[in-house]
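Going by the working numbering, the residue at position 588 of the sequence shown is 588; the numbering climbs one at a time, nothing skipped.
Heads up, the beta-carbon is just placed ideally off N, CA and C, and yes, glycines get one too.
Read the structure below first, then the notes.
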Amino acid sequence: MTSTLTPQPVERAKPARTGAAPRRRTRVLALPEARWAAAATAFFLLALPLQLTGAPAWTWGPLYALSYVTGGWEPGWEGLKALKERTLDVDLLMVVAALGAASIGQVMDGALLIVIFATSGALEALATARTADSVRGLLDLAPATATRLTPDGGEQTVPVEELAVGDTVLVRPGERVGADGRVLDGASDVDQATITGEPLPAAKEPGDEVFAGTLNGTGALRVRVERDASDSVIARIVRMVEEASETKAPTQLFIEKVEQRYSLGMVAATLAVFLVPLAFGEQLTDALLRAMTFMIVASPCAVVLATMPPLLSAIANAGRHGVLVKSAVVMERLGQVDAVALDKTGTLTEGSPRVTDVRPLPGSGLDEAALLTLAAAAERPSEHPLARAVVDAARERGLDLPATEDFTSAPGVGVTAVVNGRGVAVGAPARLLDGTGSTVTAVAEELEESGRTAVLVLVDGTPAGLLGIADRLRPDAAATVAALTTLTGTAPTLLTGDNPRAAAHLAAEAGIDDVRAGLLPQDKLTAVQEMERAGRKVLVVGDGVNDAPALAAAHTGVAMGRAGSDLALETADAVIVRDELAAVPTTVALSRRARRLVVQNLVIAGVFIAGLVVWDLAGNLPLPLGVAGHEGSTVLVGLNGLRLLREGAWQRAAAQGRD
Numbered sequence: 001m002t003s004t005l006t007p008q009p010v011e012r013a014k015p016a017r018t019g020a021a022p023r024r025r026t027r028v029l030a031l032p033e034a035r036w037a038a039a040a041t042a043f044f045l046l047a048l049p050l051q052l053t054g055a056p057a058w059t060w061g062p063l064y065a066l067s068y069v070t071g072g073w074e075p076g077w078e079g080l081k082a083l084k085e086r087t088l089d090v091d092l093l094m095v096v097a098a099l100g101a102a103s104i105g106q107v108m109d110g111a112l113l114i115v116i117f118a119t120s121g122a123l124e125a126l127a128t129a130r131t132a133d134s135v136r137g138l139l140d141l142a143p144a145t146a147t148r149l150t151p152d153g154g155e156q157t158v159p160v161e162e163l164a165v166g167d168t169v170l171v172r173p174g175e176r177v178g179a180d181g182r183v184l185d186g187a188s189d190v191d192q193a194t195i196t197g198e199p200l201p202a203a204k205e206p207g208d209e210v211f212a213g214t215l216n217g218t219g220a221l222r223v224r225v226e227r228d229a230s231d232s233v234i235a236r237i238v239r240m241v242e243e244a245s246e247t248k249a250p251t252q253l254f255i256e257k258v259e260q261r262y263s264l265g266m267v268a269a270t271l272a273v274f275l276v277p278l279a280f281g282e283q284l285t286d287a288l289l290r291a292m293t294f295m296i297v298a299s300p301c302a303v304v305l306a307t308m309p310p311l312l313s314a315i316a317n318a319g320r321h322g323v324l325v326k327s328a329v330v331m332e333r334l335g336q337v338d339a340v341a342l343d344k345t346g347t348l349t350e351g352s353p354r355v356t357d358v359r360p361l362p363g364s365g366l367d368e369a370a371l372l373t374l375a376a377a378a379e380r381p382s383e384h385p386l387a388r389a390v391v392d393a394a395r396e397r398g399l400d401l402p403a404t405e406d407f408t409s410a411p412g413v414g415v416t417a418v419v420n421g422r423g424v425a426v427g428a429p430a431r432l433l434d435g436t437g438s439t440v441t442a443v444a445e446e447l448e449e450s451g452r453t454a455v456l457v458l459v460d461g462t463p464a465g466l467l468g469i470a471d472r473l474r475p476d477a478a479a480t481v482a483a484l485t486t487l488t489g490t491a492p493t494l495l496t497g498d499n500p501r502a503a504a505h506l507a508a509e510a511g512i513d514d515v516r517a518g519l520l521p522q523d524k525l526t527a528v529q530e531m532e533r534a535g536r537k538v539l540v541v542g543d544g545v546n547d548a549p550a551l552a553a554a555h556t557g558v559a560m561g562r563a564g565s566d567l568a569l570e571t572a573d574a575v576i577v578r579d580e581l582a583a584v585p586t587t588v589a590l591s592r593r594a595r596r597l598v599v600q601n602l603v604i605a606g607v608f609i610a611g612l613v614v615w616d617l618a619g620n621l622p623l624p625l626g627v628a629g630h631e632g633s634t635v636l637v638g639l640n641g642l643r644l645l646r647e648g649a650w651q652r653a654a655a656q657g658r659d
């Protein structure tokens with residue numbers, strides 16, 4: 001029916017790179033904080049040389065005033081609003097200190113404080129914006145409009161938000177799919193790399209599922225909408241991680257509590273530094289200057305900025321590599337895990353059955369190719385996952401499948417069909433043989449002992465051979481298990497509802513010794529709770545509805561995104577969108593690097609504050625040096641946290657997991 005879908009000329013933007021996620025990157029000057037900081041810096045740089053060269057005050061004074069206004073109005077206003085809520089904000093203290101410096105003639109020093117403080121605020125805003133970019137960029141994958149087909153065969157171009165479940169949309173060659181749905185008619189290759197991470201386009205035929213934002217190939221498709229735009233895979237993922245830049249990590253919450261008490265104490269100490277020397281006869285200007293310097297250098301700006309930039313940068317970097325972490329809390333907790341529990345199907349394995357063995361029986365007169373050809377031809381009309389595995393295996397070997405007649409399917413038994421005039425039946429050995437056939441039974445048991453599902457092929461009522469079908473281990477599974485063992489010091493545990501034989505066979509391939517098979521969802525939950533009660537901080541990785549209770553109970557839960565159920569995606573703390581299992585240990589290692597940077601930043605901030613305070617109280621710290629030292633430490637910790645935005649940070653984290 002593909003020929004009936006005649007492409008119509010439409011205007012649409014071509015993607016910059018086929019299958020690539022559009023790169024959303026906030027420009028620095030797009031941020032108001034950055035624009036105000038740039039303006040304050042420009043006015044300061046214009047005023048400074050005029051003042052230093054002895055120009056009249058009327059030439060540089062207004063420029064300094066503009067620097068105060070452009071760099072200080074926003075933090076000052078936010079500080080006043082916080083004060084109205086009975087909260088003392090550090091931003092307000094900085095503005096007061098700058099105005100205090102100007103009031104005693106230190107106009108340049110106050111302007112320098114404003115400029116550096118505004119610049120550090122712009123850096124924090126940039127880190128937050130870049131984190132949000134990695135999440136919101138997913139929304140750019142979905143087109144703004146879609147072609148909806150009307151009951152009379154007409155076409156309507158409508159915003160994707162107006163599509164309803166049950167609508168039929170036309171996806172022309174080269175267009176992006178407008179909504180999650182299922183193919184009704186047509187055939188094409190769809191590039192799903194941005195959603196599933198698959199390197200090659202996936203063939204789509206009637207009955208196949210497609211996702212909003214994926215790129216259609218050369219064919220045209222009619223798709224029935226199965227989810228509202230607000231509930232698409234992309235939209236769900238975005239909703240789960242939108243809180244990333246808003247949620248505060250436990251360390252940050254602690255610092256904010258300390259900040260309030262610290263700020264009140266600092267105001268009291270500043271008054272003491274001003275009033276005590278004044279009472280002992282020090283000049284008003286000197287006492288005020290010392291007090292202003294003390295308030296500046298003792299402010300906890302660098303301490304407050306020490307926590308969030310590393311965590312936000314780590315979230316942004318992980319997002320660029322297909323790992324969407326819901327919050328800074330989660331990013332911090334990932335680095336604390338010391339035990340891992342893995343689901344099997346769809347997590348440790350690819351989640352789709354593959355033919356692993358083709359066993360013709362003696363006397364059948366068939367070789368492997370002939371046996372597989374007959375089985376695949378008979379199974380081709382079936383939609384059963386095992387049937388599709390058999391057909392896929394034949395196609396992978398380049399076998400030509402003959403036409404099929406008189407196809408019938410019996411749930412739980414198998415299929416029958418006439419292929420080239422021969423009656424072919426494919427199904428479970430126990431059902432097709434009715435308990436007879438010792439040779440067949442022996443081969444079937446051998447396959448099942450090695451973790452395969454045995455499928456019998458009958459030709460004209462006689463056993464002709466067996467197929468072994470199994471869910472294949474992910475290529476990176478063994479390396480991931482080894483990396484997680486290195487990071488946590490303990491080998492992961494396998495939690496699965498599969499039978500013990502299949503689980504043990506696959507676990508041995510992956511390098512896992514602790515195997516718990518035949519588990520119901522509540523059993524998985526119990527296993528995780530037992531590990532937690534033993535003092536372990538457990539990371540659970542899963543993808544199905546049966547994994548959701550364990551994901552919720554774990555210290556941290558990670559869901560595999562490609563085939564992950566809605567419940568698992570909602571319950572998990574992080575989602576591996578590209579379905580790369582190796583991203584799990586890399587993200588854990590990146591979290592640990594972020595936590596180390598937080599500690600580094602706190603040490604840097606503490607050393608600077610302590611040194612500058614001692615200098616001011618015991619000696620005579622010049623205000624410009626105090627401003628430069630304090631705000632310099634703030635900028636330093638901000639830049640230190642932004643290091644995790646670089647590509648090299650992800651690569652080093654990946655290498656750490658492999659070491």
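- Between T496 and A504, the C-beta gap is not smaller than 7 Å, which leaves the two residues out of contact.
- For P463, the beta-bridge partners assigned by DSSP are L458.
- Its chain contains L366, D367, E368, A370, L371, A464, G465 as the residues whose beta carbon lies nearer than 8 Å to that of P360, once the 5 sequence neighbours on both sides are disregarded; these appear in chain order.
- According to the DSSP assignment, D616 belongs to no beta strand (DSSP E) but to the alpha helix (DSSP H) extending over 583 to 618.
- Membership of K524 in any beta strand (DSSP E) is not indicated; the residue belongs instead to the alpha helix (DSSP H) covering 521 to 533.
- The shortest CA-to-CA distance from P521 to any of E33, A553, A653, F294 is the one to A553.
- Residue environment analysis places D406 among the exposed positions, since fewer than 16 neighbouring C-beta atoms fall within 10 angstroms of its C-beta.
- Residue state for P622 is assigned as coil, using DSSP reduced to three classes.
- The beta-carbon separation of F211 and D180, rounded to 5 Å, stays under the 8 Å limit for a contact.
- In this structure, F44 sits near A111, with a CB-CB distance shorter than 7 Å.
- Of all alpha-carbon atoms in A375, A444, E449, the one lying nearest the alpha-carbon of G423 is that of A375.
- Bounds of any beta strand (DSSP E) do not take in R431; it lies within the alpha helix (DSSP H) bounded by 429 to 433.
- A direct Cα-Cα distance of roughly 36 Å separates E580 from T157.
- Rounded to the nearest whole angstrom, the C-alpha separation of L52 and M108 is 10 Å.
- For the pair A548 and T571, the CB atoms are nearer than the 7 Å cut-off.
- For a cut-off of 8 Å, the C-beta gap from L215 to V183 is around 15 Å, too long to register as a contact.
- Excluding its 5 nearest sequence neighbours in each direction, P585 has C-beta neighbours in its own chain below 7 Å: T480, A483, L484, L487, G657, listed in chain order.
- The Cβ atoms of R354 and R472 sit closer than 7 Å to each other.
- In this structure, T356 sits away from R501, with a CB-CB distance that is not shorter than 7 Å.
- D514 sits exposed, since fewer than 16 C-beta atoms from the chains shown fall within 10 Å of its C-beta.
- Here Q336 carries a coil assignment [DSSP, helix/strand/coil].
- Remark: C-beta atoms of V540 and A341 approach each other more closely than 7 Å.
- As DSSP reads the structure, N216 sits in a beta bridge with V190.
- The C-alpha of L63 lies about 7 Å from the C-alpha of L46.
- Rounded to whole angstroms, the separation of the alpha carbons of A582 and A508 is 18 Å.
- Rounded to the nearest angstrom, the gap between the Cα atoms of T168 and E396 is 32 Å.
- Between the alpha carbons of L311 and G322 lies a gap of roughly 17 Å.
- Around the beta carbon of W650, a 10 Å sphere encloses 16 or more other beta carbons of the protein chains shown; the residue is thus reported as buried.
- The Cβ atoms of T293 and G626 sit closer than 7 Å to each other.
- P622 and E647 have their alpha carbons spaced roughly 40 Å apart.
- DSSP places E580 outside both helix and strand once states are collapsed to three, so it counts as coil.
- CA-to-CA, the gap between A491 and A517 works out to about 17 Å.
- A Cβ-Cβ contact shorter than 7 Å links L348 with A477.
- Annotation for G468: T356, D357, L447, R452 place their beta carbon closer than 6 Å to its own, counting only its chain and skipping 5 residues before and after.
- Within the same chain, Cβ atoms closer than 6 Å to the Cβ of A291 are found at T270, V273, F274, the five residues on either side in sequence being excluded.
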